[in-house]
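Asks: Below you will find the structure I want to go over with you.
Numbering (the working numbering), first residue to last: -1 to 112.
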């Protein structure tokens, strides 16, 4: 548990070191969907803690516990505290498959160590 608690310190590590939790196949699918939303600038952040999945739509937004795909759908249509529709700050970016992005990132990390 101490390892996962301190994994945030590795964020942006120059050596490309990171720690991921061993999630169930279903929860891994949820995180992959959240990764796509983050990549497309539809959410601000997502993370796991003790097997639970959390997400925020804006930097100052409230963290939401993600238990299923309905929770993710709700994130996409959520409103902020002023009850105004979230505005999209970033331009649309063509989607990239999570597996492809993971492969690309792994390749980049390997190249850094050569």
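No residue lacks a Cβ here, since even glycine has one placed at the ideal position from N, Cα and C.
1. Would you kindly check if the distance between the Cβ of residue 41 and the Cβ of residue 55 is under 8 Å?
2. With respect to the beta strand (DSSP E) encompassing residue 62, which residues constitute its N-terminal and C-terminal limits?
3. State the start and end residues of the unbroken alpha helix (DSSP H) segment that holds residue 26.
4. Sort 24, 63, 67 by Cα distance to residue 43 and report the nearest one.
5. Span of the beta strand (DSSP E) holding residue 41?
Replies: So, from the listed chains and residues:
1. Yes; because the gap between Cβ atoms is below 8 Å, this pair is in contact.
2. Segment 62 to 64, the beta strand (DSSP E) holding residue 62.
3. That run of the alpha helix (DSSP H) goes 23 to 37.
4. With distances taken between Cα atoms, residue 43 lies closest to 63.
5. Here residue 41 belongs to no beta strand (DSSP E), and DSSP marks it neither H nor E.
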